[in-house]
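Protein chains in written order, with my numbering: chain A, 1 to 308; chain B, 1 to 308.
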């Protein structure tokens, strides 16, 4: 799956992953209205609105991008119907040949991590049958509990040829509270990066490991160091756009081959119609605004990399 | 809810939380068979088996214990039907007046954490209606991303009078890879503990904070230090029984008032019928084995505390 991701990035010339993190306040009224007319102002109604919104955006941008990253929390908040919409979104994106990164940030002890791994990346056994659960292509994981979290996922990923992104240095303002603390003179996130290299070293694709890292665009200087520590790890870079990261901040996350990083934008793409620069496209054509935002983001990254 | 937890611990004289972490291999054949007869060997069949298994155990032990802790992974592995069983289990336990600790270990950036908080502890808004999602009484959270993870949960918990347990020192073998690393001469988990005190200091119940900590029974010496750092934080102690923790290891997790800790046992209770010492009770009477295991655990802790 890491090979597929690399190939698709080369083909689209867009090292971009679109975060499908729908919030009700992003969704144009005509979508919400239709969903509520059918299901009422219920969890099912909200889930239907999310699904129709996602579908319209995916239909309009899937040819431009290699991957999507649905954040499960945005679905889970609507309970079971929300999670049904999460699964439906994954299935639909895969039918459009998009690589799907499940942003689930799970992290637990061995037996529990095994259950998560089976439910998200593999097949669960029931009697003599087995079933895929959410079936994402990649998942994000939290490192606080160490190798016990990673190993069961790694095992399932090896069977399924799927991959992982481990949180190293996250994009949020308070990420430094623990991640930046110095251990033997180096910040914790560098020690996590060393482990990412170790975990991924015997699980290589053609040019990159199946085990990558999450490093926030909001910390470009740290990205530079982490790129060097993890030369063979793909870096998933959140924090572009709404969280403050700019194209010029991204160059250090890439290797000299122009690869090695994939930049996430969520509301910057899916809620583009609410931004001043795309306002004239209008809420009725929200998916066109998303398409234009993808094109602009692609150009922003391209010109930043050209000037590297 | 922390006050309710303390009251129930006093009343039952059992600082015990039962981990409702069902695995198919624990479930007696007569339960699985009946579930499969109705739903086939499907995810729905597995979910039905889990639910019937949980229900029988809860019915047989609810009067002895203050709380249960379902681990969401064990349900999530069976996809949507599994998550329906998770919700049903929570609702049923609450109807039996048990305190429910959702072991979800979420940890994410602000906007995402807000969505998780709303979906698990609070109400989500849909048009002019609002709905409770999974509605646990407490949730476990991962600290790697710092205050941005905790604050949105804290806000919802303050509205709902619910509580949190933050991972400090986890029970698993590899927990030391990052958690034990020294920062300014003290292990990372102590710095997390300091933060737990800070996060919980303005969110106090009668005698303990609404924000507690997770510290594994498998590391009793660390528990001793952490008890002193966090005198007003309730400690959720996993790792008793199957993971190797013993009654005598637990004494340091408690305060002089005999309170301040609640010890989790999962398979030690729910799969008691598979253990040699309860074998004669038999799989047909698995819930009786669970009841006996709760009583034995209560006595083990009681005698350990008496000898403190």
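From the three backbone atoms N, C-alpha and C, an ideal C-beta is built for every residue, glycine too.
Model, not experiment: these values are computed from the prediction.
Tell me, please, whether the CB atom of residue i is closer than 8 Å to any CB atom in chain B?
i              : result
residue 144(A) : yes
residue 194(A) : no
residue 181(A) : yes
residue 265(A) : no
residue 218(A) : no
residue 275(A) : no
residue 173(A) : yes
residue 147(A) : yes
residue 133(A) : yes
Give the straight-line distance between the Cα atoms of residue i and residue j, rounded to the nearest whole angstrom.
i              : j              : result
residue 192(B) : residue 183(B) : 11 Å
residue 200(A) : residue 229(A) : 13 Å
residue 86(B)  : residue 14(B)  : 24 Å
residue 11(A)  : residue 5(A)   : 10 Å
residue 44(B)  : residue 254(A) : 45 Å
residue 47(A)  : residue 278(B) : 46 Å
residue 110(B) : residue 295(B) : 42 Å
residue 82(A)  : residue 88(A)  : 10 Å
residue 166(A) : residue 1(A)   : 16 Å
residue 231(B) : residue 213(B) : 11 Å
residue 28(A)  : residue 207(A) : 42 Å
residue 37(B)  : residue 73(B)  : 25 Å
residue 301(B) : residue 239(B) : 14 Å
residue 130(B) : residue 269(B) : 37 Å
residue 288(A) : residue 280(A) : 11 Å
residue 148(A) : residue 265(B) : 19 Å
residue 55(A)  : residue 273(A) : 16 Å
If you follow the alpha helix (DSSP H) that residue i is in, where does it begin and where does it stop?
i              : result
residue 286(A) : 286 to 306
residue 251(A) : Careful: residue 251(A) lies outside any alpha helix (DSSP H) and carries neither H nor E.
residue 262(A) : It is not in any alpha helix (DSSP H) - residue 262(A) instead sits in the beta strand (DSSP E) that spans 261 to 265.
residue 117(A) : 110 to 120
residue 279(A) : Element bounds for residue 279(A): n/a, residue is neither H nor E.
residue 148(A) : 147 to 160
Any idea if residue i is buried or exposed, counting beta-carbon neighbours within 10 angstroms, 16 or more meaning buried?
i              : result
residue 267(A) : buried
residue 161(A) : exposed
residue 59(A)  : exposed
residue 223(B) : buried
residue 40(A)  : exposed
residue 186(B) : exposed
residue 136(B) : buried
residue 284(B) : exposed
residue 307(B) : exposed
residue 249(A) : buried
residue 30(A)  : exposed
Indicate whether at least one CB of chain A lies closer than 8 Å to the CB of residue i.
i              : result
residue 309(B) : The question about residue 309(B) has no answer here: the residues shown for chain B are numbered 1 through 308.
residue 41(B)  : yes
residue 109(B) : yes
residue 77(B)  : yes
residue 129(B) : yes
residue 74(B)  : yes
residue 84(B)  : yes
residue 105(B) : yes
residue 272(B) : no
residue 126(B) : yes
residue 118(B) : yes
Quick test of your reading: residue i and residue j, contact by CB under 8 Å. State the CB separation rounded to the nearest angstrom.
i              : j              : result
residue 205(B) : residue 170(B) : About 24 Å separates the two Cβ atoms, so there is no contact after all.
residue 133(A) : residue 79(B)  : 4 Å
residue 178(B) : residue 143(A) : 6 Å
residue 262(B) : residue 9(B)   : 7 Å
residue 7(B)   : residue 116(A) : So it is not a contact: roughly 34 Å between Cβ atoms.
residue 98(A)  : residue 53(A)  : Between residue 53(A) and residue 98(A) the Cβ distance is about 16 Å, and since that is not below 8 Å, they are no contact.
residue 138(A) : residue 90(A)  : At roughly 11 Å, the Cβ-Cβ gap does not stay under 8 Å, so residue 138(A) and residue 90(A) are not in contact.
residue 69(B)  : residue 20(B)  : 7 Å
residue 65(B)  : residue 118(B) : With 8 Å as the limit, residue 65(B) and residue 118(B) do not qualify as a contact, their Cβ atoms being about 29 Å apart.
residue 304(A) : residue 258(A) : Going by Cβ atoms, the distance from residue 304(A) to residue 258(A) rounds to 11 Å, so no, they are not a contact pair.
Note the first and the last residue of the continuous beta strand (DSSP E) segment covering residue i.
i              : result
residue 12(B)  : Careful: residue 12(B) lies outside any beta strand (DSSP E), inside the alpha helix (DSSP H) at 2 to 12.
residue 125(A) : 123 to 126
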